[in-house]
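Written below as structure tokens is the structure these notes are about.
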Amino acid sequence: MQKRRKNKQFKEKELNAKRYSRKDKNYRKTEAHRKKSQRDNSDIRQIERQRELASKREARKNEDFKKTELAAKREARKNEDFKKTELAAKREARKNEDFKKTELAAKREARKDKNYRRAEAESKKSQRDNPDIRQMERQRETAAKREVRKDTSYRRAEAESKKSQRDNPDIRQMERQRELAAKREEYQLSSSNTDDGPSDKKRRKTTPTSGQTSSGGQGQLSHQSNQETPKDFHEPPIHTAHSIQDDLLEKIKKGTNIMNIAPSDLVDFGGQKSFDMTHQLFIQHRGTFILMFDGRKGLYTVLTEYPQGDVTAASILEHWINSVLTYCNKTEDKMPRILFAATHSDSFSEDEKSKRILKFNEELRKMFSLHKLHEHIMYDNVFFMNATDAADRDIERMKDTLVDIAFQQSTWGQQMPIVWVPLDLQISDMRADGIKLIAKERLLEINKSNNEFALNERRVDDFLLVQHSIGKLLYFDEPALRDFIVIQPTAMVNILRAFITDIMFWPEKGPVRNILEHLSSTGVLKKTDLFTLWSQPAFKEILTDVRTKEYIVQVLLHLDILIEPKRYTDKDTAADLFLVPCIVKEKIPQKMHRNATDDRTICIAYHLKETVVPSALSFKLIGAAISIWPLKVEDSRFCLYFQAAIMDADNRNELQIHVEGRE
1 MQKRRKNKQF KEKELNAKRY SRKDKNYRKT EAHRKKSQRD NSDIRQIERQ
51 RELASKREAR KNEDFKKTEL AAKREARKNE DFKKTELAAK REARKNEDFK
101 KTELAAKREA RKDKNYRRAE AESKKSQRDN PDIRQMERQR ETAAKREVRK
151 DTSYRRAEAE SKKSQRDNPD IRQMERQREL AAKREEYQLS SSNTDDGPSD
201 KKRRKTTPTS GQTSSGGQGQ LSHQSNQETP KDFHEPPIHT AHSIQDDLLE
251 KIKKGTNIMN IAPSDLVDFG GQKSFDMTHQ LFIQHRGTFI LMFDGRKGLY
301 TVLTEYPQGD VTAASILEHW INSVLTYCNK TEDKMPRILF AATHSDSFSE
351 DEKSKRILKF NEELRKMFSL HKLHEHIMYD NVFFMNATDA ADRDIERMKD
401 TLVDIAFQQS TWGQQMPIVW VPLDLQISDM RADGIKLIAK ERLLEINKSN
451 NEFALNERRV DDFLLVQHSI GKLLYFDEPA LRDFIVIQPT AMVNILRAFI
501 TDIMFWPEKG PVRNILEHLS STGVLKKTDL FTLWSQPAFK EILTDVRTKE
551 YIVQVLLHLD ILIEPKRYTD KDTAADLFLV PCIVKEKIPQ KMHRNATDDR
601 TICIAYHLKE TVVPSALSFK LIGAAISIWP LKVEDSRFCL YFQAAIMDAD
651 NRNELQIHVE GRE
């Protein structure tokens with residue numbers, strides 16, 4: 001008892017000392033500065049997170065604690081009476097009309113004062129203009145949605161409601177009408193703009209009433225339209241992208257156009273490791289990457305679908321992370337960001353699922369916590385999801401996380417010159433129509449159709465280069481490449497899939513398989529074979545003619561994905577075939593490898609400080625070398641191998657390149 005009293009007295013003394021010291025302004029400033037420095041210091045935050053996780057792991061080792069925690073969760077889920085009581089109380093509060101009337105009357109009285117109205121208007125305007133306040137509002141909305149979605153009954157009801165809406169044609173029609181109404185409200189579409197076009201008869205068959213104006217200015221719909229009989233009733237006008245564009249041009253003239261839409265492209269590589277060489281086409285500094293693996297097999301189970309027998313989810317994840325971060329530097333916004341998602345959570349109970357998430361987090365932490373660019377890797381938060389459930393909690397959590405990451409980007413809210421809007425909208429229309437590539441001369445003609453909003457050719461180039469830098473299209477300002485623009489960058493995935501693809505995706509037999517087998521063993525791809533691969537139905541829609549195929553070849557040569565071999569002959573035959581270092585699977589023969597280490601060989605070895613040599617870097621090194629020196633030919637075969645190549649320096653000497661390491 002005495003010890004307890006002494007401990008209590010000591011705690012009271014300590015608290016009194018803290019209260020007294022906090023009265024000192026200097027102490028408070030010092031303490032606030034210390035806390036802020038701790039928040040800003042990533043190392044300290046990392047240590048704090050590790051301590052928290054360690055304490056949680058220690059607590060979970062205690063069986064009594066686990067049982068108590070699980071029992072508490074079950075009780076919380078079973079406590080339906082509390083939820084019903086809470087919902088009933090909310091309904092009662094909403095029904096309290098007297099309270100609402102009193103509140104509204106008080107607001108009306110307050111608004112009669114001019115000073116109050118001015119202050120309220122200025123307050124709302126300052127909130128709209130302040131990006132920090134808007135950010136806080138968005139975060140509050142996101143947090144509220146997360147809280148609501150935690151309720152399983154709510155998620156089920158929401159999923160059933162969405163399914164019933166999809167199945168019901170009447171509800172779908174109503175949704176479409178609502179969307180059109182929202183668009184009209186957002187863009188402030190006038191009736192005159194929609195009635196005076198060439199498609200006037202299709203859009204609206206009713207004649208203007210006495211309360212309407214059909215002039216070139218803005219028209220106001222009369223209230224008489226609400227009194228029309230069912231016989232005279234017609235559906236509201238359907239606004240196409242082109243009609244919306246006309247209205248936007250009108251708003252641009254007035255300088256009132258504001259766009260609140262943030263488009264986003266989704267690129268799915270389908271788990272193909274071969275795409276790591278092509279990542280410079282798709283991997284942007286501002287991108288977010290989701291690396292997925294099978295939650296049933298875990299990270300270290302050997303994957304049977306890979307015949308080499310040494311491939312695990314961990315090795316694939318490490319491979320992709322090093323490919324993504326190859327050209328990445330430390331930045332304040334920590335972009336790009338990499339997330340992890342495990343699938344098939346429906347194969348486990350809630351308890352097993354929780355244990356597996358902890359296990360995945362621990363394994364990923366061991367793999368990447370010491371990585372040089374670990375701040376880009378979100379290894380402490382694995383999303384273990386059930387892809388068969390549209391209302392799965394982890395799927396919703398991942399969506400919210402992606403939105404939060406987007407808000408954190410330094411380019412969020414970056415303004416675009418208003419004169420670019422017409423051309424940007426026209427390119428969006430072409431994407432919606434399924435157009436993937438367009439000739440630059442055709443784009444310049446479309447630009448001229450914008451009349452007073454047409455850009456000169458130099459400004460069009462500036463527009464295209466900025467759009468290329470943010471990943472919305474592909475435009476290379478090089479002599480052989482500036483004649484075309486890829487307005488749908490994701491189409492390049494399909495173009496490359498024709499020849500850069502893993503063996504599991506090859507056809508079982510036929511000429512296409514023969515071409516791919518020869519390419520995989522030798523790294524040589526004839527131009528005629530490449531065009532044969534692109535003539536398959538899956539690629540005909542994108543590469544419609546020889547001119548576009550020749551352009552894509554030049555792009556792939558520019559990016560070192562295809563290499564033109566160097567020849568020491570009078571006849572230039574380099575254009576007839578290409579080398580593809582990133583697709584070669586055959587390793588260099590041991591005999592040739594031993595020849596490179598005998599007494600007559602001069603060896604130069606470069607040891608990189610990094611623990612991993614990304615495979616994309618090794619492919620670029622080999623590609624650069626074989627474009628300078630001709631490859632050695634032995635037994636009618638080019639000496640090009642997986643991460644190795646042999647070249648003829650002259651008639652008596654050869655040059656070998658070997659890349660060795662963890663990758």
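With UniProt numbering applied, the sequence shown corresponds to residues 1 to 663, in that order. Quick reminder that beta carbons are idealized off the backbone N, C-alpha and C, glycines included. Just so we're clear, the structure is a prediction, and the values are computed from it rather than from any experiment.
My parser needs the beta strand (DSSP E) runs of 3 or more residues fully inside the stretch 359 to 446; what are they? 377 to 384, 437 to 439
Taking Cβ positions, are P511 and T532 nearer each other than 9 angstroms? Here residue 511 is taken as the residue at index 511 of the sequence shown, counted from 1. Here residue 532 is taken as the residue at index 532 of the sequence shown, counted from 1. Yes, Cβ-Cβ distance for P511 and T532 is below 9 angstroms.
Examine the Cβ distances between the stretch 429 to 448 and the stretch 391 to 405 and report whether three or more of them are shorter than 8 angstroms. No, the stretch 429 to 448 does not touch the stretch 391 to 405.
Can you tell me whether F505 is helix, strand or coil according to DSSP? Counting from one through the sequence shown, the residue named residue 505 turns up at place 505. Correct three-state label for F505: helix.
Checking 9 angstroms against the spacing of the C-beta atoms, do V584 and I561 come in under that value? Here the question's residue 584 lines up with position 584 in the sequence shown. Here the question's residue 561 lines up with position 561 in the sequence shown. No; because the gap between Cβ atoms is not below 9 angstroms, this pair is not in contact.
Between which residues of its own chain and F289 is the CB-CB distance below 8 angstroms, once the five residues before and five after are set aside? Working through the sequence shown from its first residue, we reach residue 289 at position 289. Closer than 8 angstroms at the Cβ level, and outside the excluded window around F289, lie I283, W320, V324, P336, R337, I338, L339.
Residue range of the beta strand (DSSP E) that R337 falls in? Here the question's residue 337 lines up with position 337 in the sequence shown. Counting along the chain, the beta strand (DSSP E) containing R337 begins and ends at 337 to 343.
In angstroms, rounded to a whole number, what distance separates the CA positions of M430 and A406? Counted from its first residue, the sequence shown places residue 430 at position 430. Counted from its first residue, the sequence shown places residue 406 at position 406. Each residue's Cα considered, the two are about 26 angstroms apart.
For the alpha helix (DSSP H) holding F463, just list the boundary residues, first then last. Against the sequence shown, residue 463 aligns to sequence position 463. From DSSP, the alpha helix (DSSP H) with F463 extends over 457 to 469.
Measure the Cβ-Cβ separation of F453 and V419 and say whether it is below 9 angstroms. Walking along the sequence shown from the start, residue 453 turns up at place 453. Walking along the sequence shown from the start, residue 419 turns up at place 419. Yes, these two residues count as a Cβ contact at 9 angstroms.
Using three-state DSSP, classify V546 as helix, strand or coil. Here the question's residue 546 lines up with position 546 in the sequence shown. In the structure shown, V546 sits in a helix (DSSP, three-state: H, G or I).
Can you give me the start and stop residues for the alpha helix (DSSP H) that L559 sits inside? For the purposes of this step, residue 559 is taken as the residue at position 559 of the sequence shown. Looking at the DSSP string, L559 is not in any alpha helix (DSSP H), and its letter there is neither H nor E.
Check the C-beta distance from N386 over to D424 and give it rounded, since I have them as a contact under 8 angstroms. Mapped onto the sequence shown, residue 386 falls at position 386. Mapped onto the sequence shown, residue 424 falls at position 424. A Cβ-Cβ distance of about 38 angstroms is found for the pair N386 and D424, leaving them out of contact under the 8 angstroms criterion.
If we count the other Cβ atoms within 10 Å of its Cβ and call it buried at 16 or more, is M492 buried or exposed? As a working note, residue 492 is residue 492 in the sequence shown. Per the 10 Å Cβ criterion, buried.
Taking only the alpha-carbon atoms, compute the straight-line gap between D310 and K297 and give it to the nearest angstrom. Taking the sequence shown and counting its residues from 1, the one referred to as residue 310 is at position 310. Taking the sequence shown and counting its residues from 1, the one referred to as residue 297 is at position 297. Taking the straight line joining both Cα atoms gives about 14 angstroms.
Range covered by the beta strand (DSSP E) that runs through F293: Along the sequence shown, read from residue 1 onward, the residue named residue 293 stands at position 293. That run of the beta strand (DSSP E) goes 288 to 294.
Is it the case that the stretch 503 to 519 contacts the stretch 453 to 467, given that we only count it when at least three CB pairs across the two stretches are under 8 angstroms? With a cut-off of 8 angstroms, the stretch 503 to 519 and the stretch 453 to 467 do not count as touching, because too few Cβ pairs lie within range.
Coarse secondary structure for R34, derived from DSSP in three states: Your numbering for residue 34 matches position 34 in the sequence shown. R34 falls in the helix class under three-state DSSP.
Less than 7 angstroms between C-beta atoms, sequence neighbours within five positions excluded: which residues of the same chain meet that for Y641? Looking up residue 641 in the sequence shown gives position 641. Cβ contact annotation for Y641 (same chain, cutoff 7 angstroms, sequence separation greater than five): V584, E586, K587, I588, in chain order.
4-residue-minimum alpha helix (DSSP H) runs that sit fully inside the stretch 47 to 114, ordered along the chain: 63 to 78, 80 to 95, 97 to 111
Quick check on G434: buried or exposed, where buried means 16 or more other Cβ atoms within 10 Å of its Cβ? Mapped onto the sequence shown, residue 434 falls at position 434. Counting Cβ neighbours within 10 Å, G434 comes out exposed, since fewer than 16 surround it.
Inter-stretch contact at 8 angstroms, needing at least 3 Cβ pairs: the stretch 374 to 391 / the stretch 351 to 360: The count of Cβ pairs closer than 8 angstroms, one atom from the stretch 374 to 391 and one from the stretch 351 to 360, reaches three, so the stretches are in contact.
Flag this pair as yes or no: are the beta carbons of E363 and A439 separated by less than 9 angstroms? What you label residue 363 is simply residue 363 of the sequence shown in a count that begins at 1. What you label residue 439 is simply residue 439 of the sequence shown in a count that begins at 1. Not in contact: E363 and A439 (Cβ atoms no closer than 9 angstroms).
Can you tell me where the beta strand (DSSP E) holding F531 begins and where it ends? Locating residue 531 in the sequence shown gives position 531, where the first residue counts as 1. Unbroken run through F531 is the alpha helix (DSSP H), 527 to 534; no beta strand (DSSP E).
What are the boundary residues of the alpha helix (DSSP H) that includes E478? On the sequence shown, position 478 is the one that residue 478 refers to. For E478, no alpha helix (DSSP H) encloses it, and the DSSP letter there is neither H nor E.
Quick one: Cα of T142 to Cα of M136, how far? Here residue 142 corresponds to residue number 142 of the sequence shown, with the count starting at 1. Here residue 136 corresponds to residue number 136 of the sequence shown, with the count starting at 1. If I take the Cα positions, the gap works out to 10 angstroms.
In this structure, how does DSSP classify I604 when only helix, strand and coil are distinguished? As a first step, residue 604 must be located in the sequence shown, where it is residue number 604. Correct three-state label for I604: coil.
Could you tell me whether the Cβ atoms of A538 and R513 are closer together than 9 angstroms? In the sequence shown, residue 538 corresponds to position 538, counting from 1. In the sequence shown, residue 513 corresponds to position 513, counting from 1. Taking the C-beta atoms as reference points, R513 is found no nearer than 9 angstroms to A538.
P417: which of N361, Q467, K100 sits nearest, CA to CA? To locate residue 417, count along the sequence shown from 1; it is residue 417. For the residues N361, Q467, K100, the minimum Cα distance to P417 belongs to Q467.
Which residues in the same chain have their Cβ closer than 6 angstroms to the Cβ of P489, if we skip the five residues on either side of it in sequence? Translated into the one-based positions of the sequence shown, residue 489 becomes position 489. Non-local beta-carbon contacts of P489 in its own chain, meaning distances under 6 angstroms to residues more than five positions away in sequence, involve L474 in chain order.
For residue 668 versus R117, is the C-beta distance shorter than 9 angstroms? Outside the modelled stretch of the chain, which goes from 1 to 663, sits residue 668, for which no answer is possible.
What would DSSP say about K201, mapped onto helix, strand or coil? The count along the sequence shown starts at 1 and reaches residue 201 at position 201. Confidence at K201 is low in this model, with a pLDDT of 37, below 50, so its placement is unreliable and the value that follows should be read with caution. Looking at K201 - three-state DSSP - the assignment turns out to be helix.
Count the other CB atoms within 10 Å of the CB of R393; is the residue buried (16 or more) or exposed (fewer)? For this step, residue 393 is matched to residue 393 along the sequence shown. Residue environment: R393 is assigned as buried (16 or more neighbouring CB atoms within 10 Å of its CB, all protein chains considered).
Kindly list the residues whose CB is nearer than 8 angstroms to the CB of E654, restricted to its own chain and excluding five residues on each side of it in sequence; keep chain order. Position 654 of the sequence shown, counted from the first residue, corresponds to residue 654. If we look at E654 and ignore the five residues flanking it on each side, its Cβ neighbours are K632, I646, M647, D648.
What three-state label does DSSP hand L473 in the structure shown? Position 473 of the sequence shown, counting from 1, holds the residue named residue 473. DSSP places L473 in coil when its eight states are reduced to three.
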